[in-house]
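Student: Going by this note's numbering, the letters in the sequence shown line up with residues 1059 to 1374, in that order. Every residue, glycine too, gets a C-beta built ideally from N, C-alpha and C.
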Amino acid sequence: MASPHPSSEAEPGWIGPAQIAAFAASGTTIHRLFSGPDGWIERLGRDLLVSWNSPGTLPSLLSELEGWRSRLGLAVDRIFLRKRWERGRTSRLTLVSGSRGLPPTATAQENGLSFLLRFDAGESTGFFLDQRENRAFLRKIKPRRLLNLFAYTCSFGVAAASAGACTWNVDLSPRILEWGKENYRLNSLDPSSHWFLARDARAVFPYLSRRRARFDACVIDPPTYAHGRRGADFSLPRDLGELLLGVLPLCEPGAHLLLSTNYRPWRPADLLREAARACHRAGAKLEPLPSPPHPADLPEGSGPATLWLRIFPGHR
Ligand SMILES: C[S@@+](CC[C@H](N)C(=O)[O-])C[C@H]1O[C@@H](n2cnc3c(N)ncnc32)[C@H](O)[C@@H]1O
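1) Which same chain residues, not among the five before or five after lysine 1200, have their C-beta less than 7 Å away from its C-beta?
2) Under the criterion of a Cβ to heavy atom distance below 7 Å, does proline 1307 qualify as lining ligand 1?
3) Give, in chain order, every unbroken run of the alpha helix (DSSP H) that is at least 4 residues long and sits entirely within the region 1251 to 1307.
4) Based on Cα-Cα distance, which residue from Arg1296, Leu1367, Thr1364, Leu1356 lies nearest to tryptophan 1098?
5) Tell me whether proline 1281, by its Cβ, gets closer than 7 Å to a heavy atom of ligand 1.
6) Would you list the one or two residues that DSSP bridges to isoleucine 1137?
7) Closer than 7 Å to a non-hydrogen atom of ligand 1 - does that hold for the CB of glutamine 1189?
8) Check whether the Cβ of arginine 1322 lies closer than 7 Å to any heavy atom of ligand 1, and answer yes or no.
9) From what residue to what residue does the beta strand (DSSP E) around cysteine 1309 run?
10) Distance check for arginine 1127 and leucine 1298, CA to CA, integer angstroms please.
11) Give a yes or no on whether the C-beta atoms belonging to tryptophan 1226 and asparagine 1206 are separated by under 8 Å.
12) Tell me the DSSP secondary structure of cysteine 1337 in three-state form.
13) Helix, strand or coil for lysine 1200? Go by DSSP, reduced to three states.
14) State the beta-bridge partners of arginine 1176 as determined by DSSP.
15) Got a sec: does ligand 1 put a non-hydrogen atom nearer than 7 Å to the Cβ of serine 1213?
16) Looking only at DSSP bridge pairs, what is alanine 1363 linked to?
17) From which residue to which residue does the alpha helix (DSSP H) around leucine 1091 run?
18) Are the CB atoms of leucine 1106 and isoleucine 1088 within a distance shorter than 8 Å?
19) Which two residues bound the contiguous beta strand (DSSP E) that contains leucine 1130?
20) State buried or exposed for glutamate 1069, treating a residue as buried only when at least 16 other CB atoms are found within 10 Å of its CB.
21) Measure from the alpha carbon of leucine 1302 to the alpha carbon of each residue in Pro1326, Arg1339, Ala1271, then state which is nearest.
22) Considering only the beta carbon of each residue, do proline 1162 and phenylalanine 1177 sit closer than 8 Å?
23) Could you compute how far the alpha carbon of alanine 1271 sits from the alpha carbon of valine 1277?
24) Would you list the residues sitting across from proline 1346 in a DSSP beta bridge?
25) Taking just the CA atoms, how far does tryptophan 1324 sit from proline 1350?
26) For proline 1062, count neighbouring C-beta atoms within 10 Å of its own C-beta (all shown protein chains included) and say buried if the count is 16 or more, exposed if not.
27) Is isoleucine 1099 helix, strand or coil by DSSP?
28) For aspartate 1229, write down the residues that DSSP places opposite it in a beta bridge.
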């Protein structure tokens, strides 16, 4: 699970051959290839996804990509495009190169774990590569029981389960959790030994308390805003405190808690403020942990704001 280090060979914007080799050595085929002012390119196994802001600069990017790809000898089946200039009007990915006859799914690897990707499920392919270092840290601490709120396709659940944890994945969408189960199967992890709860994360705590569930690791990685059932919309700045008050009593002493958000105004200090406030109300103590390294393929300042804490319930 070695983290690839930035390479001095990298051209501006593109990762270099040494970094590609480091990813290969760690069993990782999902990573950024390019980051620039107009967008970025991700490698997703044998497919590439170009997320681009401007139609004007796209042709030159694609020809640069072709030169770069053939210099490095990288095998590519398809190139998909996310037209960010059409955001809000369409969420479909466009195939710009490769055969239409290939299946709409593919698998790719991160640190030796496999994940199912879909190219026909709207803007998202089912995997957030910017959480790589947090998943690696979760595997390293080898939790026994993980609570994974806003689980999506259960990448944190798979990471913890691969290190021996029993995992509880909670997401509003039963369809997304089925995709999560598929990710468990892909890694020879039996979903029937884990929990997949299709519920509102804010309403799951009484159920977990009744079952006397306790966790030595929790992940809270919510969207900034999401429509909910029967008008119960989720808003991160409004609802994070309530979520923390639900999670804290379920934490074992010294439990690891990951907070993560893409809400732009918030930095890790804002997450710490919310956690400190909730701990004060719940009579718990917290200890912030040093952040895992920033992913070597992402520019500084990009990606979610994240914070790892240890929680000690029952302390003032
Ligand atoms: C940003 S994704 C989470 C990413 C995930 N942690 C990962 O790293 O792959 C947001 C997820 O929250 C779910 N969601 C939205 N509102 C929810 C709610 N009130 N309760 C539970 N899940 C919710 C969505 O269905 C979606 O799967």
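Tutor: In short, the structure shows the following:
1) Along the sequence shown, read from residue 1 onward, the residue named residue 1200 stands at position 142. If we look at lysine 1200 and ignore the five residues flanking it on each side, its Cβ neighbours are Ala1221, Gly1222.
2) Taking the first residue of the sequence shown as position 1, residue 1307 is located at position 249. Checking the Cβ of proline 1307 against ligand 1 gives no.
3) 1263 to 1268, 1294 to 1305
4) Start at 1 with the first residue of the sequence shown, and residue 1098 comes out as number 40. Out of Arg1296, Leu1367, Thr1364, Leu1356, Leu1356 has the C-alpha closest to the C-alpha of tryptophan 1098.
5) Here residue 1281 refers to the residue found at position 223 of the sequence shown. Indeed, a heavy atom of ligand 1 lies less than 7 Å from the Cβ.
6) Here residue 1137 refers to the residue found at position 79 when the sequence shown is read from its first residue. Answer is Leu1106, Ser1155.
7) Locating residue 1189 in the sequence shown gives position 131, counting from the first residue. Within the cutoff, so yes.
8) As a position in the sequence shown, residue 1322 is number 264, starting the count at 1. Not under cutoff, so the answer is no.
9) Here residue 1309 corresponds to residue number 251 of the sequence shown, with the count starting at 1. 1309 to 1319 is the extent of the beta strand (DSSP E) around cysteine 1309.
10) Position 240 of the sequence shown, counting from 1, holds the residue named residue 1298. Position 69 of the sequence shown, counting from 1, holds the residue named residue 1127. So the two alpha carbons sit approximately 43 Å from each other.
11) Within the sequence shown, the letter at position 168 stands for residue 1226. Within the sequence shown, the letter at position 148 stands for residue 1206. In contact: tryptophan 1226 and asparagine 1206 (Cβ atoms closer than 8 Å).
12) Here residue 1337 refers to the residue found at position 279 of the sequence shown. Looking at cysteine 1337 - three-state DSSP - the assignment turns out to be helix.
13) Working through the sequence shown from its first residue, we reach residue 1200 at position 142. Coil at lysine 1200, not helix or strand.
14) For the purposes of this step, residue 1176 is taken as residue 118 along the sequence shown, with counting starting at 1. For arginine 1176, which the question treats as bridged, DSSP gives the partners Thr1163.
15) In the sequence shown, counting from the first residue as 1, residue 1213 sits at position 155. Under cutoff, so the answer is yes.
16) One-based indexing of the sequence shown puts residue 1363 at position 305. Answer is Thr1319, bridged to alanine 1363.
17) As a first step, residue 1091 must be located in the sequence shown, where it is residue number 33. Premise fails: leucine 1091 lies in the beta strand (DSSP E), 1088 to 1094, not in any alpha helix (DSSP H).
18) Against the sequence shown, residue 1088 aligns to sequence position 30. Against the sequence shown, residue 1106 aligns to sequence position 48. No.
19) Translated into the one-based positions of the sequence shown, residue 1130 becomes position 72. From DSSP, leucine 1130 is part of no beta strand (DSSP E) but of the alpha helix (DSSP H) over 1116 to 1130.
20) Within the sequence shown, numbered from 1, the residue matching residue 1069 stands at position 11. Bear in mind that a pLDDT of 44 at glutamate 1069, under 50, signals an unreliable position, so the model cannot answer this.
21) Residue 1302 sits at position 244 when you count from the first residue of the sequence shown. For the residues Pro1326, Arg1339, Ala1271, the minimum Cα distance to leucine 1302 belongs to Arg1339.
22) Within the sequence shown, the letter at position 104 stands for residue 1162. Within the sequence shown, the letter at position 119 stands for residue 1177. Yes, Cβ-Cβ distance for proline 1162 and phenylalanine 1177 is below 8 Å.
23) Here residue 1271 is taken as the residue at index 213 of the sequence shown, counted from 1. Here residue 1277 is taken as the residue at index 219 of the sequence shown, counted from 1. Cα to Cα, alanine 1271 sits roughly 15 Å from valine 1277.
24) Here residue 1346 is taken as the residue at index 288 of the sequence shown, counted from 1. According to DSSP, which records beta bridges pairwise, proline 1346 is partnered with Leu1367.
25) Residue numbering aside, residue 1350 sits at position 292 when the sequence shown is read from its first letter. Residue numbering aside, residue 1324 sits at position 266 when the sequence shown is read from its first letter. For proline 1350 and tryptophan 1324, the distance between alpha carbons rounds to 18 Å.
26) Position 4 of the sequence shown, counted from the start, is the residue given in the question as residue 1062. Here proline 1062 scores only 42 on pLDDT, less than 50, and its place in the model should not be relied on; the value that follows carries that caveat. Buried: at least 16 other Cβ atoms inside 10 Å.
27) Here residue 1099 refers to the residue found at position 41 when the sequence shown is read from its first residue. The answer is strand: DSSP assigns isoleucine 1099 an E or B state.
28) Numbered from 1 along the sequence shown, position 171 holds the residue referred to as residue 1229. In the DSSP output, where bridge partners are listed per residue, aspartate 1229 has Ala1256.
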